[in-house]
Ligand code: ADP
Ligand code: ADP
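In our numbering, the protein residues as written are 911 to 1143.
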């Protein structure tokens, strides 16, 4: 079953009356439980595609079916609901609130979803366990390393049990050893049944994914399975 089904996705930005085509017909399927790296040169359309996959933006043309729902023509408020229910985001800059503890940061999406305090605490702890940080639940950002902070951000992204986890350059601010740890966490999350799509510039980071899709100038240049996938913890 496809989590993501894209058919001839087009995206143009408009500068005055001039349309600048950025995505020029992207068609692909990503299935439940895949681990996909999206690569390509700067300006090839990766962020634009991730914004569409994450329902932060809508395509100019083509069809996007997410988990059985056609989201290509949804209004902004409907898209916001889909985003909250279906999608977890991880960003390069971690976006944790510094005054809150790890557990409180992870529980935030559940506050917005109206989950009771007791359930929030339980589910935040469960998500922190999945990223190996149960013992850091009371720590604030200034008491954690960059890698730990990014793992808290990953826990926050999965606390809603989204069907899709999207990450834009999640290791961009991390050293190579910490990057590997973070990629292993994504691998473990994928192995536990989630679908993960991440953008990276680094070949050795992409090697941790099972499938690599390369964009060039708004087209898919290649789409292939990694022959050797690093074992994950
Ligand atoms: P990548 O993430 O691969 O670097 P982007 O999706 O960010 O690529 O950008 C693809 C192209 O679209 C670039 O030429 C960029 O300048 C252009 N672009 C991105 N966002 C906008 C925008 N909001 N308005 C106009 N042009 C944009
Ligand atoms: P870039 O790929 O250029 O580094 P970011 O990763 O910061 O950009 O953001 C990618 C997209 O996600 C942008 O369109 C941005 O507006 C959006 N975005 C960034 N942070 C958040 C957030 N906390 N919540 C929702 N959308 C966000």
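We put the CB at the ideal spot given by N, CA and C, even for glycine. Bear in mind that the values here come from a model prediction, so they are computed numbers and not experimental data.
Whole runs of the beta strand (DSSP E) within the region 1007-1093, excluding any shorter than 3 residues: 1074-1078
Local Cβ density within 10 Å of residue 1011, reported as buried at 16 or more and exposed below that: buried
Cutoff 7 Å; reference residue 1115; Cβ partners in own chain excluding five residues on either side: 1081, 1089, 1093
Check: residue 974 C-beta below 7 Å from any heavy atom of ligand 1: no
Check: residue 956 C-beta below 7 Å from any heavy atom of ligand 1: yes
Residue environment, residue 1223, which counts as buried when at least 16 other CB atoms sit within 10 Å: Past the boundaries of the shown model lies residue 1223; the chain is included only from 911 to 1143, so the question cannot be answered.
Close beta carbons around residue 1022, own chain, < 8 Å, minus the five adjacent residues each side: 994
Collapsed DSSP secondary structure at residue 999 in the structure displayed: strand
Validate contact between the region 996-1003 and the region 1062-1075 using beta carbons, cut 8 Å, 3 pairs: yes
Host beta strand (DSSP E) of residue 947 (start-end): 945-949
Reduced DSSP secondary structure (H/G/I, E/B, other) of residue 1143: Low confidence applies here, because residue 1143 scores a pLDDT of 44, under 50, leaving its location unreliable and the question unanswered by this model.
Assigned exposure category for residue 1015 - 16 Cβ within 10 Å defines buried: buried
beta-carbon residue 932 near ligand 1 non-hydrogen atom, thresh 7 Å: yes
Beta-carbon proximity check, residue 934 vs residue 913, cutoff 8 Å: no
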